[in-house]
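Residue numbers for the sequence shown follow the numbering used here, beginning at -14 and rising by one. Beneath this line is the structure, given in structure tokens, with notes to follow.
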Amino acid sequence: MQLPDFPWDSLAPFKERASAHVGGLVDLSVGTPVDPTPEVVQRALCAAADAPGYPQTWGTAPLREAVAGWFARRRGVPDLDPDGVLPTVGSKELVAWLPTLLGLGAGDVVAFPEVAYPTYDVGARIAGASPLPMRSLTGLGPLTTAGTPKLLWVNSPSNPTGQVLGVEHLKKLVDWAREHGVVVASDECYAELDWREGAGPGSVPSILDPRVTGGSHEGLLAVYSLSKQSNLAGYRAAFVAGDVTLVRALLEVRKHAGMIVPWPVQQAVLAALTDDEHVAAQKERYRLRRDRLRAALEGFGLRVDHSEAGLYLWSTRGQDCWETVAALADRGILVAPGSFYGSAGAQHVRVALTATDERIDAAVARLG
Ligand SMILES: Cc1ncc(COP(=O)(O)O)c(C=O)c1O
């Protein structure tokens, strides 16, 4: 199996450079939450600490119903069948293993956006399938049976660009995928972090939205994570939902393979999904950081593209990303080079909002 080099190692010299700043490092290179896990979720985890028996791979019925209820309340998806829900150990493992779990292998193509979270590519490679970064459906060219992807990844809001795909765009993708027998998996882990005027439930459309699906979830999977919305990255808490037949197929393999979400985490997910207050509070924290940081980056001569949702400012100075990484490292600020997300990102850097207010203030002061 040919896995890509782990790119973060190449950032180490810049981390060292940035750490030499008298005010210390401001690390905006990774999207790892830094604010406390909400009390309501911690309490649920602790209350479930006594767990001598094996939990269900499928999760309990109340957990699956809570996911369906969350889709109805927060995502504009009123018709998710709780049978089409499966908890996962964070979403990265699902992204990395989905092609394998779907039975894909040599000769199969897995397509994903040309600027994207690297694990879509990794997942194709783990399965022995062929990774295919693509700009758009037309970028696939005339389809031959062999060249048609078996699986198409969508990521809206995007990591790293923050771009949101609208209903029309998603509908076109789904119509095309159904016509060609392609499974669409939609990674929606930043859906609660929509910064646009009038944002609210459903403003970032899910792939399962009836305006997109025409009322059937056939061939469609939505992937969601609690890591970002609820500061739960350390719990490894996520789920996949949609087509009941596909979810059952995933469940079958995962049961055999022991890919089970621990019981206390299942209970924590249930608590997190039924409390909207902490999600709103966390979003406000990020909003304030984002506003300050964005103005400071623009003042420093960067242009912020897309970034209408999610946890990143996708920024460029119209130069090679490593030059921008270096310029910011000289101010003690570490960011991720856009080239980590595909060669089309080579003139951008990804600036994360996941730092404390104190560190964001330090970054703003240094950029001023
Ligand atoms: C687009 C995208 N998908 C999936 C993940 C994985 O999140 P987790 O494994 O914490 O659920 C991330 C994390 O940064 C991400 O950006």
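Built from N, CA and C at the ideal position, the CB exists for glycine as well.
For residue i, three-class secondary structure by DSSP
i, result
"Arg60", "coil"
"Phe(-9)", "coil"
"Pro37", "coil"
"Leu150", "coil"
"Pro103", "coil"
"Gly227", "strand"
"Asp346", "helix"
"Pro118", "strand"
"Leu83", "helix"
"Thr73", "strand"
"Asp260", "coil"
"Trp180", "coil"
"Gly213", "Gly is not the amino acid found at residue 213; the sequence shown has Lys there. Looking at Lys213 - three-state DSSP - the assignment turns out to be coil, as it is neither helix nor strand."
"Arg335", "strand"
"Asp66", "coil"
"Ala265", "helix"
"Asp160", "helix"
"Leu352", "helix"
Cβ-heavy atom distance, residue i to ligand 1, below 7 Å
i, result
"Lys77", "yes"
"Ser292", "no"
"Cys174", "yes"
"Tyr102", "yes"
"Arg246", "Checking the displayed sequence, the identity of residue 246 turns out to be Val instead of Arg. No; taking the cut-off as 7 Å, the Cβ of Val246 has no heavy atom of ligand 1 nearer than that."
"Val169", "no"
"Gly108", "no"
"Val238", "no"
"Ala257", "no"
"Asn144", "yes"
"Val152", "no"
"Asn140", "yes"
"Gly44", "no"
"Ala218", "yes"
"Gly16", "yes"
"Ser215", "no"
"Val229", "no"
"Ser212", "yes"
"Val189", "no"
"Ala223", "yes"
"Val26", "no"
"Val11", "no"
Buried or exposed (CB count within 10 angstroms, at least 16 for buried), residue i
i, result
"Val7", "exposed"
"Phe(-9)", "exposed"
"Glu343", "exposed"
"Gln304", "exposed"
"Trp82", "buried"
"Arg39", "Checking the displayed sequence, the identity of residue 39 turns out to be Tyr instead of Arg. Exposed is the call here."
"Glu177", "buried"
"Lys240", "exposed"
"Gln(-13)", "exposed"
"Ser328", "exposed"
"Ser76", "buried"
"Ala5", "exposed"
"Pro190", "buried"
"Trp299", "buried"
Closest by C-alpha distance to residue i, when choosing among the options
i, options, result
"Leu137", "Val149, Cys174, Pro98", "Pro98"
"Glu293", "Gly88, Arg28, Gly183", "Gly183"
"Gly44", "Gly243, Asp290, Cys174", "Gly243"
"Pro47", "Trp248, Gly286, Gly353", "Trp248"
"Ala36", "Asp179, Gln251, Gln332, Arg272", "Gln251"
"Arg351", "Ser324, Leu178, Glu283", "Glu283"
"Ala53", "Ile318, Leu193, Gly317", "Leu193"
"Arg302", "Arg316, Phe325, Gln332", "Gln332"
"Leu258", "Lys213, Arg279, Trp299", "Lys213"
"Glu173", "Gly185, Phe224, Val320, Ala218", "Phe224"
"Ser141", "Ala112, Ser171, Phe56", "Ser171"
"Ala96", "Gly90, Leu89, Pro84, Pro118", "Pro118"
"Arg49", "Leu71, Ala32, Glu269, Val264", "Leu71"
"Ile111", "Leu87, Gly151, Arg120", "Leu87"
"Ala256", "Val26, Ala(-3), Cys31", "Val26"
"Thr198", "Arg181, Gln41, Arg163", "Arg163"
_Length-filtered (4 minimum) alpha helix (DSSP H) runs lying within the stretch 286 to 323_ = For the stretch 286 to 323, whole alpha helix (DSSP H) runs of length 4 or above, ordered along the chain, are 306 to 314.
*Which whole runs of the beta strand (DSSP E) in the stretch -1 to 37 are 3 residues long or more, in chain order?*
none
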